[in-house]
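Engineer: Next up is a structure, given as structure tokens.
Number of protein chains: 2
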Amino acid sequence: MVLLERASELDRADPIAAYRDEFIIEDDFVYLDGNSLGRLPKRTIERIRTVVEKEWAHELVLGWEHWLDLGVEIGDRLAPIIGASPGEVALCDQTSVNLYKVASAGLTHSGRTDIITDRGNFPSDRYVLEGVATSAGGTLIFAPEDPSPKVIESLMTDSVGLVSLSHVGYRSGRMLDAPAITAAAHAGGALMLWDLAHSAGAVPVKLNEWGADLAVGCTYKYLNAGPGAPGFLFVRESLIGAIQQPISGWYAHADQFAMAEEFVPKAGIGRFVVGTPPIVSMVGADEGIQLTAEAGMASLRTKSLALTDFFIEALDQLDPPDVELVTPRNHEARGSQVTVRHTEAYRISLALRRDGVIPDFRAPDLVRFGFTPLYTTFSEAAMAATHLDQIVRTGSYTEFDETRRGVT
Amino acid sequence: MVLLERASELDRADPIAAYRDEFIIEDDFVYLDGNSLGRLPKRTIERIRTVVEKEWAHELVLGWEHWLDLGVEIGDRLAPIIGASPGEVALCDQTSVNLYKVASAGLTHSGRTDIITDRGNFPSDRYVLEGVATSAGGTLIFAPEDPSPKVIESLMTDSVGLVSLSHVGYRSGRMLDAPAITAAAHAGGALMLWDLAHSAGAVPVKLNEWGADLAVGCTYKYLNAGPGAPGFLFVRESLIGAIQQPISGWYAHADQFAMAEEFVPKAGIGRFVVGTPPIVSMVGADEGIQLTAEAGMASLRTKSLALTDFFIEALDQLDPPDVELVTPRNHEARGSQVTVRHTEAYRISLALRRDGVIPDFRAPDLVRFGFTPLYTTFSEAAMAATHLDQIVRTGSYTEFDETRRGVT
Chain A
1 MVLLERASEL DRADPIAAYR DEFIIEDDFV YLDGNSLGRL PKRTIERIRT VVEKEWAHEL
61 VLGWEHWLDL GVEIGDRLAP IIGASPGEVA LCDQTSVNLY KVASAGLTHS GRTDIITDRG
121 NFPSDRYVLE GVATSAGGTL IFAPEDPSPK VIESLMTDSV GLVSLSHVGY RSGRMLDAPA
181 ITAAAHAGGA LMLWDLAHSA GAVPVKLNEW GADLAVGCTY KYLNAGPGAP GFLFVRESLI
241 GAIQQPISGW YAHADQFAMA EEFVPKAGIG RFVVGTPPIV SMVGADEGIQ LTAEAGMASL
301 RTKSLALTDF FIEALDQLDP PDVELVTPRN HEARGSQVTV RHTEAYRISL ALRRDGVIPD
361 FRAPDLVRFG FTPLYTTFSE AAMAATHLDQ IVRTGSYTEF DETRRGVT
Chain B
1001 MVLLERASEL DRADPIAAYR DEFIIEDDFV YLDGNSLGRL PKRTIERIRT VVEKEWAHEL
1061 VLGWEHWLDL GVEIGDRLAP IIGASPGEVA LCDQTSVNLY KVASAGLTHS GRTDIITDRG
1121 NFPSDRYVLE GVATSAGGTL IFAPEDPSPK VIESLMTDSV GLVSLSHVGY RSGRMLDAPA
1181 ITAAAHAGGA LMLWDLAHSA GAVPVKLNEW GADLAVGCTY KYLNAGPGAP GFLFVRESLI
1241 GAIQQPISGW YAHADQFAMA EEFVPKAGIG RFVVGTPPIV SMVGADEGIQ LTAEAGMASL
1301 RTKSLALTDF FIEALDQLDP PDVELVTPRN HEARGSQVTV RHTEAYRISL ALRRDGVIPD
1361 FRAPDLVRFG FTPLYTTFSE AAMAATHLDQ IVRTGSYTEF DETRRGVT
């Protein structure tokens, strides 16, 4: 009870607590899965209604006069959130497709054949990168999960043209040392590609400060863009004109509506866009990005760390048996999620859902709790810790079957 | 006036006229650009509101329990419209990305290096196919616009692994002889890939009857899915397990949530899906596809031909000076649009828009009028013909500047 009281105090003192009111929250879920799918911002309802019921309905094809370059325009609004400059970011396609595009372009540009990633990288990243390396006649080299700069340094060879890692691990919630890893890649003559899926809107990202060459990321997690909303890609300015992605769509053409014989790519970031963007899903990303920009990454990071600190302290205090903290305690290595390990993680995650706490399970033994600073409260963190402790202590997860099914 | 009276009669006698009421039509446009962006079905408003304001808002991440396989489920609903079987079609990504995926997979499978397309194919198709052929060490061979089976036959060599054409030309509105061209490709040992962007929902498509191997298409034209809604791809059943597309995303994995080390593709059409689909845009496609299925392609084709026949007859009767009919008069070679040529096509298209008629312009000298049988009326066809005739006769297009700008 002391825990919940302390949480209430922290909620009352939270300077960005008001942002929770920007979201539709009509359920009683302790929703700690915003690192999978963010909640619905209220303003997005109106924006999507407008784009469907006014723009599509009444402007019809003339809507393209203002929809056409939305991917690059939204990219400009996203740029400051990830430490990029306007003109370096575009919203388009899904994250895996974007990864394929920029990884292919980067590896080709390097004139080398191998790529380094890590065992813990998101499956799509590992699979896509393996395909890119293999088709270049090279190999995908695996570092252990969440590698240090030294590990990357030790794996560099003259064949490595690209290092591609997730800035924050989707399993561990660990945040890597991006500046040092980027430097290690560069020292070895490779380009550095960051996957920001669990970073954008969650932690401060400084692509240009780090010297990053390429990045991709997703918008439906901490940026609250809506289910499956398009991803984004980043190419540092000096590299944009020098590399060419493999899918030469008409949107990338310097004179799109000339429909010319020859493919002449745009000079700017638009050359990495392929085809007609899914406008109704795009505008959700636009609203989520603008909301994040309004709150500001500094405030969001402060609250994110306070939330995860509080959750970790609660676990320390409650000390649920056999629950091991996976996410680092030190701030500089922590994303905006806390992952714990338990051999019964799958059934524990089901029991948490039964009790109204929504985390997710990652095989074989992880439960991850995502904290979205825009709407997650300290009270939710306290309740999640309390439920986790009780479920483990009472063994109430044993009512569930061990067989894993469907979406986890 | 006789023309408009005759049109009214035809509208009254139209057995599928009621489908126009399925759409939001609150403007006075004579909208003949449904071959660029289809109108908004009323039911789509409710579906999108539901997916955003109920499912995303309240189910949150649990929505993925029913969203996850939507691409394949919608593909099954689209299959009969394009003469495919369930399990052969998936909705995912944009058309250009899908073309890249299946063209790469097909060419690799063929063990050859060259691709045949035609000069008149849509820019994205030409650019993407050129990239695919080049990266295989081969060449993209160009047939003249809208080629006959004989032309394709004459271009076949032992290096040609893939023939990829648009079934209905986006410029000419000409429908190709798909069965004979498919046979010619096969006779030369190549796979046949059809782009159905201007066919799906517009004309009868019989992929399996033709013996087609691969196809892609878009949903936001005659299928009325909404601006930039995802495209679709088709792979004939016996080829699905035999080919592998280059972008190995986690959605394609046989056991997606195992997040396993090794990439093991799904057995079914799902192996051609890459990443998380943009759900809000996907459901628009679902509604548009279901509406098309309800009306039935036979009725839609009958009305489409009646509309384009009537429009062509009106032009014959009015005989606007220097306006040349580009689209074939014979039914078996006609899609669902009528294209005319005039040296002042650009300014004529602007004058038509001024007068409330929305066609579009295709450089350098084409105006195309799209007829969507679900909602286009004979009266609209009559008005478009009348305006075109008057604009050309009076030269009222000369009030516009010749400099082309923006979206055309």
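Just so you know, the protein sequences line up as chains A and B, in that order.
Quick note: the first sequence uses the working numbering, first residue 1, plus one each step.
Quick note: the second sequence uses the working numbering, first residue 1001, plus one each step.
Note that CB positions come from ideal geometry on N, CA and C, so glycine has one too.
So L233/A packs on V102/A, CB below 8 Å; how close in whole Å?
Structural biologist: Against the first sequence, residue 233/A aligns to sequence position 233. Against the first sequence, residue 102/A aligns to sequence position 102. Yes, they are in contact, since the Cβ atoms of L233/A and V102/A sit about 5 Å apart, within 8 Å.
Engineer: When DSSP labels each residue in this structure, what does I1358/B get in the three-state scheme?
Structural biologist: Taking the first residue of the second sequence as 1, we reach residue 1358/B at position 358. I1358/B falls in the strand class under three-state DSSP.
Engineer: Is T372/A buried or exposed, if buried means 16 or more other CB atoms sit within 10 Å of its CB?
Structural biologist: Within the first sequence, residue 372/A is the residue found at index 372, counting from 1. When all chains shown are included, T372/A counts as buried.
Engineer: Could you tell me whether the Cβ atoms of G1268/B and G1106/B are closer together than 7 Å?
Structural biologist: Numbered from its first residue, the second sequence carries residue 1268/B at position 268. Numbered from its first residue, the second sequence carries residue 1106/B at position 106. Result no, Cβ atoms of G1268/B and G1106/B do not sit closer than 7 Å.
Engineer: Taking all protein chains shown into account, decide if E1055/B is buried (16 or more other Cβ within 10 angstroms of its Cβ) or exposed.
Structural biologist: Numbered from 1 along the second sequence, position 55 holds the residue referred to as residue 1055/B. Flag for E1055/B reads buried.
Engineer: In the DSSP assignment, what are the bridge partners of T950/B?
Structural biologist: Past the edges of chain B, shown from 1001 to 1408, lies residue 950/B, and the structure says nothing about it.
Engineer: Whole alpha helix (DSSP H) runs in the stretch 1269-1304 of chain B with 4 or more residues, listed along the chain?
Structural biologist: For the stretch 1269-1304 of chain B, whole alpha helix (DSSP H) runs of length 4 or above, ordered along the chain, are 1279-1295.
Engineer: Would you say I45/A lies against chain B (beta-carbon separation less than 7 Å)?
Structural biologist: If you number the first sequence from 1, residue 45/A lands on position 45. Cβ-Cβ to chain B under 7 Å: yes for I45/A.
Engineer: How long is the line joining the alpha carbons of F64/A and Y1031/B, rounded to whole angstroms?
Structural biologist: Here residue 64/A is taken as the residue at index 64 of the first sequence, counted from 1. Here residue 1031/B is taken as the residue at index 31 of the second sequence, counted from 1. Contrary to the premise, residue 64/A reads as Trp rather than Phe in this sequence. Cα to Cα, W64/A sits roughly 15 Å from Y1031/B.
Engineer: If you measure between the beta carbons of V1151/B and A1143/B, is that distance less than 7 Å?
Structural biologist: On the second sequence, residue 1151/B is found 151 positions in, with the first residue counted as 1. On the second sequence, residue 1143/B is found 143 positions in, with the first residue counted as 1. Cβ distance < 7 Å, so V1151/B and A1143/B count as in contact.
Engineer: Excluding the five sequence neighbours on either side, which residues of its own chain have a C-beta within less than 6 Å of the C-beta of G1034/B, listed in chain order?
Structural biologist: Here residue 1034/B refers to the residue found at position 34 when the second sequence is read from its first residue. The answer, listed in chain order, is G1370 and T1372.
Engineer: With a cut-off of 8 Å on the beta carbons, I'd call R347/A and T398/A a contact; round off their distance for me.
Structural biologist: Within the first sequence, residue 347/A is the residue found at index 347, counting from 1. Within the first sequence, residue 398/A is the residue found at index 398, counting from 1. Right, the Cβ-Cβ distance comes to about 7 Å (below 8 Å), so this counts as a contact.
Engineer: So, at 8 Å on beta carbons, what are the nonlocal neighbours of I358/A in its own chain, with the 5 sequence-adjacent residues on each side left out?
Structural biologist: Position 358 of the first sequence, counting from 1, holds the residue named residue 358/A. These residues qualify, in order along the chain: F29, V30, Y31, L32, D33 and L352.
Engineer: Look at V274/A and S1096/B and say whether their C-beta atoms are less than 7 Å apart.
Structural biologist: In the first sequence, residue 274/A corresponds to position 274, counting from 1. In the second sequence, residue 1096/B corresponds to position 96, counting from 1. For V274/A and S1096/B, yes; Cβs fall inside 7 Å.
Engineer: Could you name the residues of the same chain whose beta carbon sits closer than 7 Å to that of D1360/B, not counting the 5 residues immediately before and after it, in chain order?
Structural biologist: Translated into the one-based positions of the second sequence, residue 1360/B becomes position 360. Hits under 7 Å: D1033, S1036, S1349, R1368 and T1408.
Engineer: Quick one: what's got a C-beta closer than 7 Å to D1213/B's C-beta in the same chain, skipping five residues either side?
Structural biologist: Looking up residue 1213/B in the second sequence gives position 213. Here the set comprises G1106, L1191, M1192, L1193, R1236 and L1239.
Engineer: Would you say H58/A faces chain B, with C-beta separation under 7 Å as the test?
Structural biologist: Walking along the first sequence from the start, residue 58/A turns up at place 58. Yes, H58/A counts as interfacial toward chain B.
Engineer: Answer yes or no: do S994/B and P1246/B have a C-beta to C-beta separation smaller than 7 Å?
Structural biologist: An answer regarding residue 994/B cannot be provided, because it is not within the stretch 1001 to 1408 covered by chain B.
Engineer: I'd like to know if V160/A contacts chain B, where contact means its C-beta is closer than 7 Å to some C-beta of that chain.
Structural biologist: For the purposes of this step, residue 160/A is taken as the residue at position 160 of the first sequence. Not one chain B Cβ lies under 7 Å of V160/A.
Engineer: So does L1165/B have its beta carbon nearer than 6 Å to some heavy atom of the ligand PLP?
Structural biologist: For the ligand PLP, the structure offers nothing, since it holds no ligand at all.
Engineer: Is the separation between the beta-carbon of V89/A and that of G111/A shorter than 7 Å?
Structural biologist: Position 89 of the first sequence, counted from the start, is the residue given in the question as residue 89/A. Position 111 of the first sequence, counted from the start, is the residue given in the question as residue 111/A. Against a cut-off of 7 Å, the Cβ pair of G111/A and V89/A comes out as no contact.
Engineer: Considering Cα atoms alone, identify which of M175/A, A183/A, W210/A and D195/A is closest to M156/A.
Structural biologist: One-based indexing of the first sequence puts residue 156/A at position 156. The shortest C-alpha separation from M156/A is found at A183/A.
Engineer: When DSSP labels each residue in this structure, what does D195/A get in the three-state scheme?
Structural biologist: Counting from 1 along the first sequence, the entry for residue 195/A is found at position 195. Residue state, collapsed to three classes: strand.
Engineer: Give me whichever residues DSSP pairs with H186/A in a beta bridge.
Structural biologist: Position 186 of the first sequence, counting from 1, holds the residue named residue 186/A. H186/A pairs with nothing; no bridge assigned.
Engineer: Could you pull out every residue in the same chain whose Cβ sits closer than 6 Å to the Cβ of R1174/B, ignoring the five residues on either side in sequence?
Structural biologist: For the purposes of this step, residue 1174/B is taken as residue 174 along the second sequence, with counting starting at 1. D1146, P1328 and A1333.
Engineer: Mind listing the chain B neighbours of R39/A? Cutoff is C-beta to C-beta under 9 Å, in chain order.
Structural biologist: Sequence index remark: in the first sequence, residue 39/A carries index 39 (1-based). In chain order: W1056, A1057 and L1060.
Engineer: Give the secondary structure of V1323/B by DSSP, where H, G and I count as helix, E and B as strand, and everything else as coil.
Structural biologist: What you label residue 1323/B is simply residue 323 of the second sequence in a count that begins at 1. V1323/B: coil per DSSP, three-state reduction.
Engineer: Mind reading off the beta-carbon distance from A1363/B to A254/A? Whole number of angstroms is fine, and I expect it under 8 Å.
Structural biologist: The sequence position of residue 1363/B within the second sequence is 363, counting from 1. The sequence position of residue 254/A within the first sequence is 254, counting from 1. With a Cβ gap of about 15 Å, A1363/B and A254/A do not count as contacting.
Engineer: What is the DSSP secondary structure of S1124/B, counted as helix, strand or coil?
Structural biologist: Indexing the second sequence from 1 puts residue 1124/B at position 124. Looking at S1124/B - three-state DSSP - the assignment turns out to be helix.
Engineer: At a Cβ cut of 8 Å, what residues of the stretch 1090-1119 of chain B count as close to chain A, listed as they run along the chain?
Structural biologist: Residues D1093, Q1094, T1095, S1096, V1097, Y1100 and R1119.
Engineer: What separation, rounded to the nearest whole angstrom, lies between the Cα atoms of G1335/B and D1114/B?
Structural biologist: Numbered from its first residue, the second sequence carries residue 1335/B at position 335. Numbered from its first residue, the second sequence carries residue 1114/B at position 114. Straight-line Cα distance between these residues: approximately 28 Å.
Engineer: Decide if the stretch 1274-1294 of chain B is in contact with the stretch 1043-1050 of chain B; the criterion is three or more beta carbon pairs, one per stretch, under 8 Å apart.
Structural biologist: Output reads yes: the stretch 1043-1050 of chain B touches the stretch 1274-1294 of chain B.
Engineer: Mind listing the chain B neighbours of D33/A? Cutoff is C-beta to C-beta under 8 Å, in chain order.
Structural biologist: Mapped onto the first sequence, residue 33/A falls at position 33. Per Cβ cutoff of 8 Å: L1060 and V1061.
Engineer: Between the C-alpha atoms of A1007/B and S1379/B, what's the straight-line distance to the nearest angstrom?
Structural biologist: Along the second sequence, one-based indexing puts residue 1007/B at 7. Along the second sequence, one-based indexing puts residue 1379/B at 379. The straight-line gap from Cα to Cα measures roughly 5 Å.
Engineer: For A1018/B, decide whether its Cβ has a neighbour in chain A, counting only Cβ atoms nearer than 7 Å.
Structural biologist: Mapped onto the second sequence, residue 1018/B falls at position 18. Taking Cβ atoms only, chain A never reaches closer than 7 Å to A1018/B, which makes this a no.
Engineer: Looking at F1263/B: is its Cβ nearer than 7 Å to the Cβ of Y220/A?
Structural biologist: For this step, residue 1263/B is matched to residue 263 along the second sequence. For this step, residue 220/A is matched to residue 220 along the first sequence. No.
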